[in-house]
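Protein chains in written order, with the working numbering: chain A, 1 to 114; chain B, 1001 to 1114. Built from N, CA and C at the ideal position, the CB exists for glycine as well. Since we're looking at a predicted model, the values are computed, not measured. Only one structure is covered here, and it is reproduced in the block below.
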Amino acid sequence: AQSVTQLDSQVPVFEEAPVELRCNYSSSVSVYLFWYVQYPNQGLQLLLKYLSGSTLVKGINGFEAEFNKSQTSFHLRKPSVHISDTAEYFCAVSKGDSSYKLIFGSGTRLLVRP
Amino acid sequence: NAGVTQTPKFQVLKTGQSMTLQCAQDMNHNSMYWYRQDPGMGLRLIYYSASEGTTDKGEVPNGYNVSRLNKREFSLRLESAAPSQTSVYFCASSEAAGANEKLFFGSGTQLSVL
C-alpha cells in the first residue's frame, strides 16, 4: 500500500534561517506529489505540487520542493523563514487516477522563533 | 471569496447523540470530500463524492453517512456518536476527481464526544 513518511513531527528554527522538511513515499510507480500547509485554526491549502517535468518545483510564499525519484523523496525547503511560516505542513502522494486516492503524511509542525 | 464553508466550527456531543456537519462550496466544483484529522495521523478520507449524485466510502467510513444534497452541498452525519469520533473534521472540494487535482479545504469542525 502507498504510504507517506514525514520523519520529523516538529522542526524548530530561528527566523531567517533555512529549513528543510522531509518527506519520503513508498512507490515504484509514477506518482503525483503535493505539499499542503495548515495555518493555525485554518484548513489546509496547497503550497506546491509535482506532476511531471522539472524536479524542482516552486510554490507560494518562497517554498520549493525537489522530487528525487531514486530516493523516493519530496523534501520541502525555504532559504529564509519568517515567523508567519509557523504552521503544520503535510506531504501528500497520489497514485493512480483519482483524487480520492490521495494519501497524507502525519504532518510536520514548523515552529519559527524570533 | 467564501470557498468551502463548514458549520459548525465546534461541537460537543454525548455518546449516542447524532449530528450533521454541513459543508458548502461556491466554486462550482464537481468533487467533494470529508476527512478527519487526528494527532500524529494526518488526514484520513471518510467519504467522497466524485460528482453530484454519487458518494463512496473512503478509508474510515464506519459510523458515518453522507449526503450530496446538490452540487454545492455535502453533509456528514454521525448517527450515534462515539468517543472514537472525537476529531477535527475537514470538508474539501476539487474541480474534478483527477489524481492531480488541487483540493480546497474548509476551516474545520472540532468535535468532542464525551
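Cα-Cα separation, residue i to residue j
i, j, result
"E1101 (chain B)", "S99 (chain A)", "6 Å"
"S1087 (chain B)", "M1019 (chain B)", "14 Å"
"N61 (chain A)", "E15 (chain A)", "15 Å"
"Q114 (chain A)", "L46 (chain A)", "It should be pointed out that residue 114 (chain A) corresponds to Pro in this sequence rather than to Gln. So the alpha carbons of these two residues sit roughly 26 Å apart."
"F1104 (chain B)", "L102 (chain A)", "13 Å"
"P18 (chain A)", "G1016 (chain B)", "49 Å"
"R1044 (chain B)", "L1111 (chain B)", "15 Å"
"Q1037 (chain B)", "C23 (chain A)", "19 Å"
Proximity to residue i [Cα-Cα], best of the options
i, options, result
"S70 (chain A)", "A:S30, A:K95, A:K49", "A:S30"
"L111 (chain A)", "A:S84, A:F90, A:L102, A:N68", "A:S84"
"P119 (chain A)", "A:V4, A:V13, A:L7, A:L44", "For chain A, the structure presents residues 1 to 114; residue 119 (chain A) sits outside this window and is missing."
"A92 (chain A)", "A:V81, A:H82, A:T86, A:F104", "A:F104"
Neighbouring residues, chain A, relative to residue i (Cβ below 7 Å)
i, result
"S1094 (chain B)", "S99"
Buried versus exposed call for residue i [16 or more other C-beta atoms within 10 Å across all chains shown]
i, result
"E88 (chain A)", "buried"
"S94 (chain A)", "buried"
Contacts of residue i in chain B (Cβ-Cβ under 9 Å)
i, result
"Q42 (chain A)", "F1105, S1107, G1108"
DSSP beta-bridge partners of residue i
i, result
"F67 (chain A)", "A:F74"
"M1032 (chain B)", "B:S1049, B:S1093"
"Y100 (chain A)", "Its beta-bridge partners do not exist; DSSP assigns none."
Proximal residues of chain B, C-beta to C-beta of residue i below 7 Å
i, result
"S106 (chain A)", "G1040, M1041, G1042"
"L76 (chain A)", "Those do not exist, as L76 (chain A) stays about 15 Å from chain B at its closest Cβ, beyond 7 Å."
Closer than 8 Å at the beta carbon, the chain A residues around residue i
i, result
"L1045 (chain B)", "Y100, L102"
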